[in-house]
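Note sheet for the following structure.
Numbering (the UniProt record's numbering), first residue to last: 1 to 291.
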């Protein structure tokens, strides 16, 4: 009896010690793969910063020292600060409108079971699946007749028209993960439909709201094609259009181009760094625990 128990224990020991070894081995492999992947992703950004801080954007090939001359050229020879402000204004307004319309519409799509809402949801899916270039020519003709070409509000309308369908779908998918018991508890306490959405559902949907806002911000911030079609005057240019001034017919000023790229990378990086804490769904669990 004693011998059998002792033998079973000894036989089981290698299996117990083997599991931590396998976990450590898998963890080591994952760490190496992620490190290599991170280095590959960061190399282009390192190259951009390096060339932005060296003369003529050549890096250190000639033993050049760090300099801010490329940034001085960017601000001295172009209206780059104006381009930067135009991009910031357009992107912020687009993301704000996408959230203000997308959140309530997504909530209705998530909670309603009517055929009309289902048809609206299908229409949004069809619109979302079409590329923006499909709408550019019709919108350009329409906006030309009402004076919205070469105008930032007209550009915002184009961006919003493509951001709202995506925002509705993203918010609808997020609202589907929130239990109905949250708003039902608010209704029992006397809250209206809008009050339950505004005071209960929306605060617990901040990760989804921020996802829509950041997605809309980046989509309009990085756009080149639509801005190229709709903007004509230098005072209305956004940052991607302003950068093309450094691309001449037979020459490219890589130093100023890279300095402009650094300026273009800065606002999205700051936005994500500030709001990344909202990318969590832990708040829903806490809300359920308190109901």
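We put the beta carbon where it would ideally sit given N, CA and C, even for glycine. Every value quoted in this text rests on a predicted model; they were computed, and no experiment measured them.
Label residue 71 either buried or exposed according to how many other C-beta atoms from any shown protein chain fall within 10 Å of its C-beta, with 16 as the threshold for buried.
For the purposes of this step, residue 71 is taken as the residue at position 71 of the chain shown. Buried, because 16 or more other Cβ atoms sit within 10 Å of the Cβ of residue 71.
Taking the alpha carbon of residue 129 as the reference point, which residue from 164, 107, 171, 202 has its own alpha carbon closest?
Position 129 of the chain shown holds residue 129. For the residues 164, 107, 171, 202, the minimum Cα distance to residue 129 belongs to 164.
Taking the C-alpha atoms as reference points, what is the distance between residue 274 and residue 92?
If you number the chain shown from 1, residue 274 lands on position 274. If you number the chain shown from 1, residue 92 lands on position 92. Taking the straight line joining both Cα atoms gives about 15 Å.
Can you tell me whether residue 54 is buried or exposed? The criterion is at least 16 other CB atoms within 10 Å of its CB, across all chains shown.
Along the chain shown, one-based indexing puts residue 54 at 54. Result: buried.
Would you report the Cα separation of residue 265 and residue 81, rounded to the nearest angstrom?
As a first step, residue 265 must be located in the chain shown, where it is residue number 265. As a first step, residue 81 must be located in the chain shown, where it is residue number 81. Computed Cα separation, rounded: 14 Å.
Measuring alpha carbon to alpha carbon, tell me which residue in 47, 32, 161 is nearest residue 258.
Within the chain shown, residue 258 is the residue found at index 258, counting from 1. Here the closest residue by C-alpha is 47.
Taking 8 Å as the threshold (C-beta atoms), are residue 225 and residue 133 in contact?
In the chain shown, counting from the first residue as 1, residue 133 sits at position 133. In the chain shown, counting from the first residue as 1, residue 225 sits at position 225. Cβ atoms of residue 133 and residue 225: closer than 8 Å.
Could you check if residue 235 is buried or exposed, using at least 16 other CB atoms within 10 Å of its CB as the buried criterion?
The sequence position of residue 235 within the chain shown is 235, counting from 1. Exposure of residue 235 is indicated by the presence of fewer than 16 other C-beta atoms within 10 angstroms of its C-beta.
Does residue 252 come out as helix, strand or coil in the three-state DSSP assignment?
Position 252 of the chain shown, counted from the start, is the residue given in the question as residue 252. The answer is strand: DSSP assigns residue 252 an E or B state.
Taking DSSP as the reference, what is the three-state secondary structure of residue 247?
Translated into the one-based positions of the chain shown, residue 247 becomes position 247. Taken through DSSP and simplified to helix, strand or coil, residue 247 comes out as strand.
With distances taken between CB atoms, is the gap from residue 171 to residue 103 smaller than 8 Å?
For the purposes of this step, residue 171 is identified with residue 171 of the chain shown, where counting begins at 1. For the purposes of this step, residue 103 is identified with residue 103 of the chain shown, where counting begins at 1. For residue 171 and residue 103, yes; Cβs fall inside 8 Å.
Out of 173, 83, 222, which one is the CA nearest neighbour of residue 125?
For the purposes of this step, residue 125 is taken as the residue at position 125 of the chain shown. Out of 173, 83, 222, 173 has the C-alpha closest to the C-alpha of residue 125.
Counting only beta-carbon separations shorter than 8 Å, does residue 99 have a partner in chain B?
The chain inventory of the structure shown lacks chain B, comprising one protein chain alone.
Flag this pair as yes or no: are the beta carbons of residue 303 and residue 155 separated by less than 8 Å?
Not covered by the structure: residue 303. The range shown for the chain is 1 to 291.
Counting only the same chain and skipping the five closest in sequence on each side, list residues whose C-beta sits under 6 Å from that of residue 127.
Here the question's residue 127 lines up with position 127 in the chain shown. Excluding residues within five positions, the ones whose Cβ falls inside 6 Å are 165.
CB residue 197 to CB residue 107, shorter than 8 Å?
Numbered from its first residue, the chain shown carries residue 197 at position 197. Numbered from its first residue, the chain shown carries residue 107 at position 107. Yes, they are a contact pair.
Going by beta carbon distance, what residues of the same chain come within less than 7 Å of residue 168, once the five residues before and after it are set aside?
If you number the chain shown from 1, residue 168 lands on position 168. Within the same chain, residue 168 has close Cβ partners 102, 105, 106, 109, 124.
Using alpha carbons as the reference points, say which of 67, 87, 116 lies closest to residue 159.
Here the question's residue 159 lines up with position 159 in the chain shown. Looking at the Cα atoms, 87 is the closest of the given residues.
Looking at residue 161 and residue 135, is the spacing between their C-beta atoms short of 8 Å?
Your numbering for residue 135 matches position 135 in the chain shown. Your numbering for residue 161 matches position 161 in the chain shown. Taking 8 Å as the Cβ cut-off, residue 135 and residue 161 qualify as a contacting pair.
By Cβ distance below 7 Å, which residues in the same chain neighbour residue 277 in space, the five residues on each side in sequence not counted?
Here the question's residue 277 lines up with position 277 in the chain shown. Contacts found: none.
For the alpha helix (DSSP H) that residue 125 lies in, which residues bound it at each end?
Against the chain shown, residue 125 aligns to sequence position 125. Taken as a continuous stretch (DSSP letters only), the alpha helix (DSSP H) holding residue 125 covers 115-129.
Below 8 Å on the Cβ atoms is my guess for residue 233 versus residue 150; work out the distance and round it to an integer in Å.
Against the chain shown, residue 233 aligns to sequence position 233. Against the chain shown, residue 150 aligns to sequence position 150. The pair is a contact, with the Cβ atoms about 6 Å apart (cut-off 8 Å).
If we call anything under 8 Å between Cβ atoms a contact, is residue 256 one with residue 272?
Translated into positions along the chain shown, residue 256 becomes position 256. Translated into positions along the chain shown, residue 272 becomes position 272. The answer is no: Cβ separation not under 8 Å.
Please list, in chain order, all residues of the same chain as residue 253 whose beta carbon is under 7 Å from its beta carbon, the five residues on each side excluded.
On the chain shown, residue 253 is found 253 positions in, with the first residue counted as 1. Only residues of its own chain outside the window of five on either side were considered, and among them 246 have a CB closer than 7 Å to the CB of residue 253, listed in chain order.
Pull up the distance between the alpha-carbon of residue 77 and that of residue 33, whole angstroms please.
Position 77 of the chain shown holds residue 77. Position 33 of the chain shown holds residue 33. When only Cα atoms are considered, residue 77 and residue 33 end up about 44 Å apart.
For residue 241 versus residue 261, is the C-beta distance shorter than 8 Å?
Here the question's residue 241 lines up with position 241 in the chain shown. Here the question's residue 261 lines up with position 261 in the chain shown. One thing to note: residue 241 has its Cβ no nearer than 8 Å to the Cβ of residue 261.
Could you check which residue in 118, 238, 213 has the C-alpha nearest to that of residue 223?
By 1-based counting over the chain shown, the position of residue 223 is 223. Measuring from the Cα of residue 223, the nearest candidate turns out to be 238.
Which first and last residues belong to the alpha helix (DSSP H) in which residue 74 is found?
As a working mapping, residue 74 is identified with position 74 in the chain shown. Where residue 74 is concerned, the enclosing alpha helix (DSSP H) stretches over 69-77.
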